[in-house]
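Engineer: Under the working numbering, the first residue of the sequence shown is numbered 19, with each subsequent residue one higher. The C-beta atom is built at its ideal place from N, Cα and C for all residues, glycine as well. Since the model is a prediction, treat every value here as computed from it, not as a measurement. Have a look at this one.
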Amino acid sequence: METSQKSVTDIRFVCRGTFVHSTAEEALQILEDALLGVDSKGKIAFIGEGTDLQRLSESFGFSSCAVTQLGQHEFFMPGMIDTHIHAPQYSYTGTALDMPLLQWLNTYTFPVESRFQDLEFAKKVYTQVVKRTLRNGTTTACYFATIHTDASLLLGQIANDFGQRALVGKVCMDRNDSVKHYKESSEESQEETCRRFVKELLNKKYPLVKPVVTPRFAPSCTEALLAKLGEMAKNNKLHIQSHISENLEEVEWVKELFPNSESYTDIYHKCNLLTDKTIMAHGCHLSDEELVLFRETGAALSHCPNSNISLCSGVLNVRNVLNHKVKLGLGTDVAGGYSPSILDAVRRALDSSKVLTIQDPEYKTLSFEEVFRLATLGGSQALSLDERTGNFQVGKDFDALRVNVAAPGGPIDLIQNEKPQILLEKFLNLGDDRNIVEVFVAGKKVVPFSEP
Numbered sequence: 019m020e021t022s023q024k025s026v027t028d029i030r031f032v033c034r035g036t037f038v039h040s041t042a043e044e045a046l047q048i049l050e051d052a053l054l055g056v057d058s059k060g061k062i063a064f065i066g067e068g069t070d071l072q073r074l075s076e077s078f079g080f081s082s083c084a085v086t087q088l089g090q091h092e093f094f095m096p097g098m099i100d101t102h103i104h105a106p107q108y109s110y111t112g113t114a115l116d117m118p119l120l121q122w123l124n125t126y127t128f129p130v131e132s133r134f135q136d137l138e139f140a141k142k143v144y145t146q147v148v149k150r151t152l153r154n155g156t157t158t159a160c161y162f163a164t165i166h167t168d169a170s171l172l173l174g175q176i177a178n179d180f181g182q183r184a185l186v187g188k189v190c191m192d193r194n195d196s197v198k199h200y201k202e203s204s205e206e207s208q209e210e211t212c213r214r215f216v217k218e219l220l221n222k223k224y225p226l227v228k229p230v231v232t233p234r235f236a237p238s239c240t241e242a243l244l245a246k247l248g249e250m251a252k253n254n255k256l257h258i259q260s261h262i263s264e265n266l267e268e269v270e271w272v273k274e275l276f277p278n279s280e281s282y283t284d285i286y287h288k289c290n291l292l293t294d295k296t297i298m299a300h301g302c303h304l305s306d307e308e309l310v311l312f313r314e315t316g317a318a319l320s321h322c323p324n325s326n327i328s329l330c331s332g333v334l335n336v337r338n339v340l341n342h343k344v345k346l347g348l349g350t351d352v353a354g355g356y357s358p359s360i361l362d363a364v365r366r367a368l369d370s371s372k373v374l375t376i377q378d379p380e381y382k383t384l385s386f387e388e389v390f391r392l393a394t395l396g397g398s399q400a401l402s403l404d405e406r407t408g409n410f411q412v413g414k415d416f417d418a419l420r421v422n423v424a425a426p427g428g429p430i431d432l433i434q435n436e437k438p439q440i441l442l443e444k445f446l447n448l449g450d451d452r453n454i455v456e457v458f459v460a461g462k463k464v465v466p467f468s469e470p
């Protein structure tokens, strides 16, 4: 049993039932008939056995009759973490997947993102994406916004209003001639607008929403801008996000644009953009030498399998990444990925792993337990948030999903009396938002919604 001594008036609520989560040692740990208490700050105060109810109620000062009892087919799991999602692209999710990456950006992405100078349009899209991801069980999201400072700040406000834990990045790019109208009207430099965005978002003092320095990717940034952003992140201890080695055409283009760099990874490393608070999306075509550099710097990768397949970019060898001890989480990469649900990322990650096994029967296919860890604890580690979230450990914030596998009208039919491990597997493979009864972030119930 884990406990953290609290005063008798400090417990907000207590739940009893099945809890499933990951630890550093176990991809899946199942706690049956467990008792978990959350304090008034939204942190996990204790985890014990249900049979220990009387002693715990006396120690922590809660009434045993006030305990929430989960149903037979219910369990709590940690909130899912989307380590890479483009909030403005949600407006055309599920369409425009007929081109490879670079043409796709110029034809669809940049023209749509240019519309976010209109704050009414931005508010509509950002409200929808935050609500949709929360309903889908994403308690933490690492968002790309656009180049527009005010709209990016608005995304942070909306995430805060709905109670989602979020990293929000105003996109920085100073080398993009393909779409003439996707440029900031301000005379400030990209460095200056990023600095203003970071300062204003931090001044909001949102408890769960923080800025992340966001160079779009190396081809859209000069080395001078990358270096300035790296210095800014270093001096202010900020998170960093970008893209790397998504498809082969992009990798070759980077070689032309940065002839003095040894690799795509080396460009970011020279500019101080690889740190233990860095998350890079994709990495489908990284060399082993580049993965070593990721491990040495503590930088992480976001695996976005739906997007990798939808844009025909490549298939990430997740096993090789894990063998190199590089931090790894899952991302939806909306709208390159057509689903805003991390459940979809779980399924596509398993599919991608099986494709590699088809190509090489010696390849060790990922298990659903391993991918479950990537969706939860792995994502928190990748975002360097694992001291606060990612699993059910005393002292961490209670970010959690109450799942009912047998939800009325849901997509899952239960034929037999299944064990918790099978219930989890069925939810990961078949479930959707209808099975997610409640969503908690930092101990606060955020789904069902109470409109801000």
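In angstroms, rounded to a whole number, what distance separates the CA positions of Asp51 and Val421?
Structural biologist: Going from the Cα of Asp51 to the Cα of Val421 covers about 15 Å.
Engineer: From Glu209, Glu268, Leu346, pick the residue whose C-alpha is nearest to that of Ile165; which is it?
Structural biologist: It is Glu209 whose Cα lies nearest to the Cα of Ile165.
Engineer: Work out the CA separation of Ala159 and Ile360 for me, nearest whole Å.
Structural biologist: Cα to Cα, the separation comes out at about 10 Å.
Engineer: Give the list of continuous beta strand (DSSP E) stretches no shorter than 3 residues that lie fully inside the segment 85-126.
Structural biologist: Runs of the beta strand (DSSP E) inside the segment 85-126: 92-96, 98-104.
Engineer: Tell me, to the nearest whole angstrom, how far the beta carbon of Ser132 is from that of Tyr200; I am working on the premise that it is less than 8 Å.
Structural biologist: Sure, about 4 Å apart at Cβ, within 8 Å.
Engineer: Relative to the C-alpha of Leu291, which candidate in Leu304, Gln259, His321 has its C-alpha closest?
Structural biologist: Nearest C-alpha to Leu291: Gln259.
Engineer: Please report how far the alpha carbon of Ala367 lies from the alpha carbon of Ile454, in whole angstroms.
Structural biologist: Between Ala367 and Ile454, the C-alpha separation is close to 21 Å.
Engineer: Answer yes or no: do Pro358 and Arg150 have a C-beta to C-beta separation smaller than 9 Å?
Structural biologist: Going by C-beta atoms, Pro358 is nearer than 9 Å to Arg150.
Engineer: Exposed or buried, Cys83, counting other C-beta atoms within 10 Å across all chains shown (16 or more means buried)?
Structural biologist: So Cys83 ends up on the exposed side.
Engineer: Assess contact between the segment 284-298 and the segment 252-267, defined as three or more Cβ pairs (one per stretch) separated by less than 8 Å. Is contact present?
Structural biologist: Counting Cβ pairs under 8 Å, three or more are found: they touch.
Engineer: Can you give me the start and stop residues for the beta strand (DSSP E) that His300 sits inside?
Structural biologist: Looking at the DSSP string, the run of the beta strand (DSSP E) that includes His300 is 296-300.
Engineer: Shortest alpha-carbon distance to Pro323 belongs to which of Asp284, Arg365, Gly397, Trp122?
Structural biologist: Pro323 has its Cα closest to that of Arg365, out of Asp284, Arg365, Gly397, Trp122.
Engineer: Report, in whole angstroms, the separation of the C-beta atoms of Val412 and Phe80, which I expect to be a contact under 8 Å.
Structural biologist: Contact flag wrong, Cβ pair sits at about 16 Å.
Engineer: Using a Cβ-Cβ cutoff of less than 8 Å, which residues in the same chain neighbour Thr125 once the five nearest sequence positions on both sides are dropped?
Structural biologist: Cβ within range, chain order: Ala114, Met117.
Engineer: Secondary structure at Phe276, three-state DSSP: helix, strand or coil?
Structural biologist: Looking at Phe276 - three-state DSSP - the assignment turns out to be coil, as it is neither helix nor strand.
Engineer: Counting C-beta neighbours from all protein chains within 10 Å, is the total for Lys142 16 or more, i.e. buried, or is it exposed?
Structural biologist: Classification for Lys142: exposed.
Engineer: Give every residue of the same chain whose Cβ lies closer than 8 Å to the Cβ of Trp271, excluding the five residues on either side of it in the sequence, and list them in chain order.
Structural biologist: Counting only Cβ-Cβ distances below 8 Å, and skipping sequence neighbours, we find Leu120, Pro237.
Engineer: Ignore the nearest five residues each way along the sequence and tell me which others in Phe31's own chain have a CB closer than 6 Å to its CB.
Structural biologist: The answer, listed in chain order, is Val56.
Engineer: Under 9 Å, do Ser263 and Leu311 count as touching if we go by C-beta distance?
Structural biologist: For Ser263 and Leu311, no; Cβs fall outside 9 Å.
Engineer: Return the residue from the list Ser281, Glu307, Leu395 that minimises the CA-CA distance to Val38.
Structural biologist: Checked all of Ser281, Glu307, Leu395; the closest Cα to Val38 is Leu395.
Engineer: Could you tell me the alpha carbon to alpha carbon distance between Val336 and Gly97, rounded to whole angstroms?
Structural biologist: Cα-Cα distance, rounded: 22 Å.
Engineer: Is DSSP giving Arg234 helix, strand or coil here?
Structural biologist: Arg234: coil per DSSP, three-state reduction.
Engineer: Counting only beta-carbon separations shorter than 9 Å, does Asp51 have a partner in chain C?
Structural biologist: The structure shown contains no chain C; it holds only a single protein chain.
Engineer: Using only the alpha-carbon positions, how far apart do Lys246 and Lys463 sit?
Structural biologist: Taking the straight line joining both Cα atoms gives about 40 Å.
Engineer: Buried or exposed for Gln182, please, with buried defined as at least 16 other CB atoms from any protein chain shown within 10 angstroms of its CB.
Structural biologist: Result: buried.
Engineer: From the DSSP output, read off the bridge partner residues of Lys462.
Structural biologist: Answer is Val459.
Engineer: Can you look up His259 in the DSSP assignment and give me helix, strand or coil?
Structural biologist: In the sequence as displayed, the identity of residue 259 is Gln instead of His. Gln259: strand per DSSP, three-state reduction.
Engineer: Is the distance from the Cβ of Leu185 to the Cβ of Pro233 below 9 Å?
Structural biologist: For Leu185 and Pro233, no; Cβs fall outside 9 Å.
Engineer: Just to confirm my understanding: we take Ser325, look at its own chain, exclude 5 residues before and 5 after, and list those with CB closer than 6 Å. What are they?
Structural biologist: Within the same chain, Ser325 has close Cβ partners Asp351, Gly354, Gly355.
Engineer: Under DSSP, the alpha helix (DSSP H) around Cys212 begins and ends at which residues?
Structural biologist: From DSSP, the alpha helix (DSSP H) with Cys212 extends over 208-221.
Engineer: Relative to the C-alpha of Glu388, which residue among Arg214, Lys372, Ser40 is closest?
Structural biologist: Here the closest residue by C-alpha is Ser40.
Engineer: I need the DSSP call for Ile65, collapsed to helix, strand or coil.
Structural biologist: DSSP places Ile65 in strand when its eight states are reduced to three.
Engineer: Could you pull the start and end residues of the beta strand (DSSP E) that Thr158 belongs to?
Structural biologist: Unbroken beta strand (DSSP E) run through Thr158: 156-162.
Engineer: Locate the beta strand (DSSP E) running through Val186, then write down its first and last residues.
Structural biologist: Run containing Val186: 183-187, per the beta strand (DSSP E) assignment.
Engineer: Quick check: what's the CA-CA separation for Lys188 versus Asp362?
Structural biologist: Between Lys188 and Asp362, the C-alpha separation is close to 26 Å.
Engineer: Alpha carbon to alpha carbon, how far is Leu244 from Asp192?
Structural biologist: Taking the straight line joining both Cα atoms gives about 10 Å.
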